[in-house]
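Undergrad:
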Amino acid sequence: MPVQVLKDRNPSSVITVTLGASKEQGGTRTTTVKVGGASSLPFLHFEGEAPNRPVIAMEVVDRNPAEWNEEVRKPFEGVLDDPAAWAKKCVDECGADMIFLRLQSADPDLGNSSPEKCIATVKSVLSAVGVPLAVVGCGIDEVDNAVISAVAEACAGENLLLGFATQNNYNTIVAACMVHKHTVIAQSPLDINICKQLNIMITEMGLPPEKIIIDPSIGGLGYGLEYSYSIGERGRLGALQGDKMLSMPTLGTIGMEAWKAKEANVGADEFPGWGDQAERGILWEATTAAALLQSGLDILVMRHPEAIRIVKKNINELMTKNSL
Amino acid sequence: MEIIGERINGMFRDIREAIQTKDKKPVQDWAVRQTDNGAAWLDINTGAGAEDQMAAMKWLINTVQEAVDTPLSLDSTNYDIIEEGLKLCKRPALINSCHADRYKIERVFPMAVKYNAKVIGLAMSEESGIPKNAENRVALAMELVAAADEFGLPLEDLYIDPLILPVNVAQDHAVEAMETLRQVKLLSDPAPKTVVGLSNVSQRCQNRKIINRTMLVMLMACGLDSAIADACDDDLMEAAATARILMNREIYCDSYISLFKTRKY
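Chains as they are written, first to last, in this note's numbering: chain A, 4 to 327; chain B, 222 to 486.
Now the structure itself:
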């Protein structure tokens, strides 16, 4: 018996955002990335268009992250002290679509790097790779306002993706993005109402929606993944219904959250029933990514090359048009 | 919730005088004020007093379009005037209105299709007047829906008006209008849109504003999509925005009222 496929019609779509700027566009990138544009729930190709595939941004830190699990450090041995070489490895060997650079050393307790030093780091990464760059600070508002503003000015025109703008700290970074032609990450704490409110406040300052990426915050597998999923889904449904203040593409820090989980880190000696830790950690990251792809995540910030390989295969399969 | 601003109407003295003296300022001021406060449409009515209503309609349309690009609702019982008006509208307009009488439908619906306009269809006819109960209103609404299908007017472009009367003289009609709205939304898929002339409910009453906005939110809960109303009544606009949130039509955020006013639905 033939099956009748019920199709939803959506009046609107996710906004398309371009990251990075080529020479003609005022930057130095050899490739730029487009995200968003979908007019259906994720991967329902029979209901709408999905012109841009989800992309992988690989996380690079500007200090040797000793606290990272040995399994994640291993593939980057030899480059962990050199963000430019690390980024190059991500692009050349793992096919990263973007680099997500954390200027963690600006933290007074983790190196206290000056804005000038941070600028030099960003410039070195820009020289080493041709893909677009996301740059975020260390998480301390006062420090980040100084560092990210300085980076924005020094890299004017590059259309970096700069973060994070939050409900309590968005003026400085949004102004820097407006003046120096970058895109901002609007981060909300797993709260769809604050997510929307923050986008309103940012656009009221004059930054257009096409220059905003939403970071709704995520939880890894076992640590709030379901909340992240339902918030992503609600936001996407809002976008498809025409809510412009929820229509920006989304980003999630998959690697960071997945590798926080105890289950990704403890060895088989401690929990024999859990199996090999290396494989388990990689799967923890890949599974977190796979689940959130289904909630509509557009930019996946990831760490382990093997997890990325698995997720890229998953994306390839999901982006194949089906017979419906 | 689309609010159709009611203020550019020759029944108001300042507009009547503006038409007589060709003074653009009061008309354009009201066009801007209503638009800025969240009106999705601007109703244009020359009033019965204008000497040359055709000329007055054309002048009002051009005058308003010089000031704002808000789409217009052309409010007249003379369809020739509406047709001339439609030719001037820069954006698809709303025809206000058409009774459920066959000869009116045959004049209005093809005209709406030709000019890509939307139509307010009244759940009344010359023969029956305003029906006393919901059942007869729905029957007339059904005829309008069937006619839309017949003439190729998309159902989303048909706005059914269940008709509301002043509460001080026809208190039993409000609940019938509410029931009509509920049933109209079940008539077809997609359902037609719905509209009322809101301020009518409080004619010659004291406390007009509270009556208007209470009626609005009650009607919204029954399926109302739009209302010809006082777009400059802040309490009314805030009630409409809040009702949308409470009905889960969109995701809450602290700025939902200002968002409603800028987005206009």
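Heads up, the beta-carbon is just placed ideally off N, CA and C, and yes, glycines get one too. Predicted, not measured: the structure shown is a model, and the values here were computed from it.
Can you find a CB in chain B that lies within less than 8 angstroms of the CB of A:Q200?
TA: Taking the first sequence and counting its residues from 1, one reaches residue 200 of chain A at position 197. By this cut-off, A:Q200 is an interface position.
Undergrad: So, does the CB of A:I203 fall closer than 8 angstroms to a CB anywhere in chain B?
TA: Position 200 of the first sequence, counted from the start, is the residue given in the question as residue 203 of chain A. Judged by the 8 angstroms Cβ criterion, A:I203 is in contact with chain B.
Undergrad: Assuming A:G23 and A:R32 form a contact by the criterion Cβ under 8 angstroms, report the distance between their Cβ atoms to the nearest whole angstrom.
TA: The residue given as residue 23 of chain A occupies position 20 in the first sequence. The residue given as residue 32 of chain A occupies position 29 in the first sequence. Going by Cβ atoms, the distance from A:G23 to A:R32 rounds to 4 angstroms, so yes, they are a contact pair.
Undergrad: Quick check: is the beta carbon of B:C426 nearer than 8 angstroms to any beta carbon in chain A?
TA: In the second sequence, the residue the question calls residue 426 of chain B occupies position 205. Cβ-Cβ to chain A under 8 angstroms: no for B:C426.
Undergrad: If you follow the beta strand (DSSP E) that A:G223 is in, where does it begin and where does it stop?
TA: Taking the first sequence and counting its residues from 1, one reaches residue 223 of chain A at position 220. Per DSSP, A:G223 belongs to no beta strand (DSSP E) and is neither H nor E.
Undergrad: Return the Cβ separation of B:D244 and B:N266 in integer angstroms, given the expectation that the two are a contact with Cβ distance under 8 angstroms.
TA: As a working note, residue 244 of chain B is residue 23 in the second sequence. As a working note, residue 266 of chain B is residue 45 in the second sequence. Actually they are not in contact, since the Cβ atoms of B:D244 and B:N266 sit about 17 angstroms apart, beyond 8 angstroms.
Undergrad: Which runs of the alpha helix (DSSP H) at least 4 residues long sit entirely within the segment 372–410 of chain B? Give them in chain order.
TA: 394–405
Undergrad: Assuming A:L129 contacts A:C158 (C-beta within less than 8 angstroms), just tell me the rounded distance between them.
TA: For the purposes of this step, residue 129 of chain A is taken as residue 126 along the first sequence, with counting starting at 1. For the purposes of this step, residue 158 of chain A is taken as residue 155 along the first sequence, with counting starting at 1. That pair is a contact at about 7 angstroms.
Undergrad: List the whole-angstrom C-beta distance separating A:V125 from A:V138, where the pair is believed to meet the contact cut-off of C-beta under 8 angstroms.
TA: Walking along the first sequence from the start, residue 125 of chain A turns up at place 122. Walking along the first sequence from the start, residue 138 of chain A turns up at place 135. 6 angstroms between Cβ atoms; contact.
Undergrad: What does the Cβ neighbour count give for B:R425, buried or exposed, with the cut at 16 atoms within 10 Å?
TA: Along the second sequence, one-based indexing puts residue 425 of chain B at 204. Exposed, since its Cβ has fewer than 16 Cβ neighbours within 10 Å.
Undergrad: What does a CB cutoff of less than 6 angstroms around B:K485 pick up in its chain, not counting 5 residues either side in sequence?
TA: Along the second sequence, read from residue 1 onward, the residue named residue 485 of chain B stands at position 264. G259, A261, listed in sequence order.
Undergrad: So, under 8 angstroms CB-CB, A:T21 and A:T35 are touching, yes? Tell me the CB distance rounded to an integer number of Å.
TA: Here residue 21 of chain A refers to the residue found at position 18 when the first sequence is read from its first residue. Here residue 35 of chain A refers to the residue found at position 32 when the first sequence is read from its first residue. Confirmed, Cβ separation roughly 6 angstroms.
Undergrad: What span of residues does the beta strand (DSSP E) with A:L104 cover, start to end?
TA: For the purposes of this step, residue 104 of chain A is taken as the residue at position 101 of the first sequence. Element bounds for A:L104: 101–105.
Undergrad: Tell whether a beta-carbon distance below 8 angstroms holds between A:V146 and A:A189.
TA: Here the question's residue 146 of chain A lines up with position 143 in the first sequence. Here the question's residue 189 of chain A lines up with position 186 in the first sequence. No.
Undergrad: For A:G241, would you say it is in contact with chain B, using Cβ-to-Cβ distances shorter than 8 angstroms as the test?
TA: The residue you call residue 241 of chain A lines up with position 238 of the first sequence. Closer than 8 angstroms to some Cβ of chain B, the Cβ of A:G241 qualifies, so yes.
Undergrad: Skipping 5 residues on each side, what residues in its chain have a beta carbon closer than 7 angstroms to that of A:K91?
TA: Start at 1 with the first residue of the first sequence, and residue 91 of chain A comes out as number 88. The answer, listed in chain order, is A131, V132.
Undergrad: How big is the Cα-Cα spacing for A:G81 and A:E73?
TA: One-based indexing of the first sequence puts residue 81 of chain A at position 78. One-based indexing of the first sequence puts residue 73 of chain A at position 70. Taking the straight line joining both Cα atoms gives about 13 angstroms.
Undergrad: Roughly how many whole angstroms lie between the Cα atoms of B:M439 and B:M399?
TA: Residue numbering aside, residue 439 of chain B sits at position 218 when the second sequence is read from its first letter. Residue numbering aside, residue 399 of chain B sits at position 178 when the second sequence is read from its first letter. Each residue's alpha carbon lies about 8 angstroms from the other.
Undergrad: Examine the Cβ distances between the segment 475–483 of chain B and the segment 443–462 of chain B and report whether three or more of them are shorter than 8 angstroms.
TA: yes
Undergrad: Does the segment 163–171 of chain A come close enough to the segment 224–239 of chain A to have 3 or more Cβ pairs within less than 8 angstroms?
TA: no
Undergrad: Cα-Cα, which of B:Y473, B:D382, B:D456 is closest to B:D446?
TA: Looking up residue 446 of chain B in the second sequence gives position 225. Checking every option, the nearest Cα to that of B:D446 belongs to B:D382.
Undergrad: Using a Cβ-Cβ distance under 8 angstroms, would B:N472 count as near chain A?
TA: Mapped onto the second sequence, residue 472 of chain B falls at position 251. Residue 472 of chain B is actually Ile in this sequence, not Asn. Cβ-Cβ to chain A under 8 angstroms: yes for B:I472.
Undergrad: Three or more beta-carbon pairs under 8 angstroms between the segment 285–305 of chain B and the segment 250–259 of chain B, yes or no?
TA: yes
Undergrad: Using DSSP bridges, identify the partner residues of A:Q170.
TA: Position 167 of the first sequence, counted from the first residue, corresponds to residue 170 of chain A. For A:Q170, which the question treats as bridged, DSSP gives no partner whatsoever.
Undergrad: Spell out whether any CB of chain A is found under 8 angstroms from the CB atom of B:S476.
TA: Residue 476 of chain B sits at position 255 when you count from the first residue of the second sequence. Yes - at least one Cβ of chain A is within 8 angstroms of the one on B:S476.
Undergrad: What residue range is occupied by the uninterrupted alpha helix (DSSP H) comprising B:C319?
TA: Within the second sequence, residue 319 of chain B is the residue found at index 98, counting from 1. B:C319: not part of any alpha helix (DSSP H); member of the beta strand (DSSP E) spanning 315–319, first to last residue.
Undergrad: Excluding five sequence neighbours on each side, which residues of the same chain lie with their C-beta closer than 7 angstroms to the C-beta of B:I282?
TA: Here residue 282 of chain B corresponds to residue number 61 of the second sequence, with the count starting at 1. Result list for B:I282: I265, L293, G306, L309, C310, in chain order.
Undergrad: Chain A partners of B:L480, CB-CB under 8 angstroms?
TA: Locating residue 480 of chain B in the second sequence gives position 259, counting from the first residue. Under the 8 angstroms cutoff, chain A gives I203, M248.
Undergrad: Am I right that B:I224 and B:M436 are in contact with their C-beta atoms under 8 angstroms? What's the rounded C-beta distance?
TA: Mapped onto the second sequence, residue 224 of chain B falls at position 3. Mapped onto the second sequence, residue 436 of chain B falls at position 215. Contact flag wrong, Cβ pair sits at about 14 angstroms.
Undergrad: Any idea if B:L419 is buried or exposed, counting beta-carbon neighbours within 10 angstroms, 16 or more meaning buried?
TA: The sequence position of residue 419 of chain B within the second sequence is 198, counting from 1. B:L419 is buried by the Cβ-count criterion.
Undergrad: Verify whether the separation of the beta carbon atoms of A:P45 and A:G299 is less than 8 angstroms.
TA: In the first sequence, the residue the question calls residue 45 of chain A occupies position 42. In the first sequence, the residue the question calls residue 299 of chain A occupies position 296. Yes, the pair counts as a contact, with Cβ atoms nearer than the cut-off.
Undergrad: Any idea if B:G373 is buried or exposed, counting beta-carbon neighbours within 10 angstroms, 16 or more meaning buried?
TA: Translated into the one-based positions of the second sequence, residue 373 of chain B becomes position 152. B:G373 should be labelled exposed.
Undergrad: How is A:N268 classed by DSSP in three states: helix, strand or coil?
TA: In the first sequence, residue 268 of chain A corresponds to position 265, counting from 1. Residue state, collapsed to three classes: helix.
Undergrad: Suppose the cutoff is 8 angstroms on Cβ atoms and the five residues either side in sequence are ignored; what does the same chain contact list for B:L408 look like?
TA: Here the question's residue 408 of chain B lines up with position 187 in the second sequence. Within the same chain, B:L408 has close Cβ partners V359, A362, M363, V366.
Undergrad: In whole angstroms, what is the alpha-carbon distance linking B:N317 and A:E50?
TA: Here residue 317 of chain B corresponds to residue number 96 of the second sequence, with the count starting at 1. Here residue 50 of chain A corresponds to residue number 47 of the first sequence, with the count starting at 1. A direct Cα-Cα distance of roughly 35 angstroms separates B:N317 from A:E50.
Undergrad: Check whether chain B comes within 8 angstroms of A:R237, counting only Cβ atoms and requiring the distance to be less than that.
TA: As a first step, residue 237 of chain A is located in the first sequence; it is residue number 234 there, counting from the start. Answer yes: the Cβ-Cβ gap between A:R237 and chain B drops below 8 angstroms somewhere.
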